[in-house]
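Undergrad: Pasting a structure below so you can have a look.
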Amino acid sequence: MKELFFLIILFAVVNSFAQTKTESKYDFSCLDSDGSSIVTNVFGDLEKDMLNNYGLAVSIEEEEKIGEIVFKECEKEFKFFKLGKEIENLKSILKKLAKNIDKPKGFKYEIFLLDTTMLNAFTAGGKIFFTTEMYRFCKSNDEIAAIIGHEIYHNELGHISDQIKREKTANSFFGEQIGSISSFLGKILTTPFNQKNEAHCDLTGTDLINKAGFKPCSTVILWNRMKENEGQYNEIEFIFNSHPYSGKRAVCTSEHLKINYSIICEE
Ligand SMILES: [Zn+2]
242 MKELFFLIIL FAVVNSFAQT KTESKYDFSC LDSDGSSIVT NVFGDLEKDM LNNYGLAVSI
302 EEEEKIGEIV FKECEKEFKF FKLGKEIENL KSILKKLAKN IDKPKGFKYE IFLLDTTMLN
362 AFTAGGKIFF TTEMYRFCKS NDEIAAIIGH EIYHNELGHI SDQIKREKTA NSFFGEQIGS
422 ISSFLGKILT TPFNQKNEAH CDLTGTDLIN KAGFKPCSTV ILWNRMKENE GQYNEIEFIF
482 NSHPYSGKRA VCTSEHLKIN YSIICEE
């Protein structure tokens, strides 16, 4: 705990000297409508700058290695559906999306269907894990595409590599292994990325599904339905995060589509 506190202070100090970057196309003010996420988002930005300026580099190969480890851990834990129309459908949606990524970083994207009642989807090193409960929750291929598009962008926007950098940087500062591989995996699988990262993936993922010919409003529909079901699903579900977050995510995506594409999604 003490180390963590020290690290937070260090990030803050180092960042007072770091330059901040601005993003123009994606507007996240929708997240701050009640002021609850300002702290996490500001801290997330500062930390990202810190990692970019001082963190150790992470290669695609290293990310893919982590993806491989996550895959092996999941194989121990869950049954994978390797055949059948569901996995074939997921693969074909992923294929359509992957070829429409702007300036792809070079991940070899793969998708897996895990047999579990947990409503979840997660990713590491280009590998996307989709649960059977999530498959049932989605009412169309457009909604499935919205989830996959979101997961693709956790890779493309460097969110996984930030997580790896965080571990590497912490280890090199303290000269010891403060996080074992299993605790790192635990973090990947259970820690929500900060709210801004989640929203960023929603918006870029929605851009991607729109470009690939899927209905862009499906992201909004999905989050609105998630909001209605929030009470029912309170297991890990890191992608759904906590109430009232699903509602905010629907609003952010809806505003993004209105501003950038003049698309009005039905309420
Ligand atoms: Zn996410």
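Be aware that the sequence shown starts at 242, since it is given in our numbering, and climbs by one per residue.
From the three backbone atoms N, C-alpha and C, an ideal C-beta is built for every residue, glycine too.
Identify the continuous beta strand (DSSP E) that holds I369 and give its terminal residues.
TA: Within the sequence shown, the letter at position 128 stands for residue 369. Start and end: K368 to T372.
Undergrad: Quick check: I307 and A365, are their CB atoms within less than 7 Å of each other?
TA: Sequence index remark: in the sequence shown, residue 307 carries index 66 (1-based). Sequence index remark: in the sequence shown, residue 365 carries index 124 (1-based). For I307 and A365, yes; Cβs fall inside 7 Å.
Undergrad: Does DSSP put E351 in a helix, in a strand, or in coil?
TA: Along the sequence shown, read from residue 1 onward, the residue named residue 351 stands at position 110. Residue state, collapsed to three classes: strand.
Undergrad: Check D356 in the structure and name its three-state DSSP category.
TA: On the sequence shown, residue 356 is found 115 positions in, with the first residue counted as 1. Strand at D356.
Undergrad: Considering Cα atoms alone, identify which of K489, K340, K326 and G390 is closest to F363.
TA: For the purposes of this step, residue 363 is taken as residue 122 along the sequence shown, with counting starting at 1. When only C-alpha atoms are compared, the closest one is G390.
Undergrad: Classify D356 as buried or exposed, calling it buried when 16 or more other Cβ atoms lie within 10 Å of its own Cβ.
TA: Position 115 of the sequence shown holds residue 356. Classification of D356: exposed, given that the 10 Å Cβ count is below 16.
Undergrad: Please report the distance separating the alpha-carbon of L272 from that of E351.
TA: Walking along the sequence shown from the start, residue 272 turns up at place 31. Walking along the sequence shown from the start, residue 351 turns up at place 110. Computed Cα separation, rounded: 31 Å.
Undergrad: Starting from K452, follow its DSSP beta bridges and name the residues at the other end.
TA: Residue 452 sits at position 211 when you count from the first residue of the sequence shown. BP columns for K452 are empty, so no partner.
Undergrad: Could you give the residue range of the beta strand (DSSP E) that holds F363?
TA: For the purposes of this step, residue 363 is taken as the residue at position 122 of the sequence shown. Here the beta strand (DSSP E) through F363 covers A362 to A365.
Undergrad: Which partner residues of F321 appear in the DSSP bridge assignment?
TA: Here residue 321 is taken as the residue at index 80 of the sequence shown, counted from 1. Answer is L355, bridged to F321.
Undergrad: Are at least three pairs of beta-carbons, each pair with one atom in the segment 488 to 504 and one in the segment 439 to 452, less than 8 Å apart?
TA: Verdict: yes, contact present.
Undergrad: What does a CB cutoff of less than 6 Å around I405 pick up in its chain, not counting 5 residues either side in sequence?
TA: Residue mapping note: residue 405 aligns to position 164 of the sequence shown, counting from 1. Counting only Cβ-Cβ distances below 6 Å, and skipping sequence neighbours, we find V299.
Undergrad: Would you say the beta carbon of C442 comes nearer than 6 Å to a heavy atom of ligand 1?
TA: For this step, residue 442 is matched to residue 201 along the sequence shown. At least one heavy atom of ligand 1 is nearer than 6 Å to the Cβ of C442, so yes.
Undergrad: Using three-state DSSP, classify K380 as helix, strand or coil.
TA: Mapped onto the sequence shown, residue 380 falls at position 139. If DSSP states are grouped into helix, strand and coil, K380 belongs with coil.
Undergrad: I need the boundaries of the alpha helix (DSSP H) containing A339, first residue and last residue.
TA: Here residue 339 is taken as the residue at index 98 of the sequence shown, counted from 1. First-last of the alpha helix (DSSP H) with A339: K326 to A339.
Undergrad: If you run the structure through DSSP and keep just helix, strand and coil, what is G390?
TA: Mapped onto the sequence shown, residue 390 falls at position 149. Looking at G390 - three-state DSSP - the assignment turns out to be helix.
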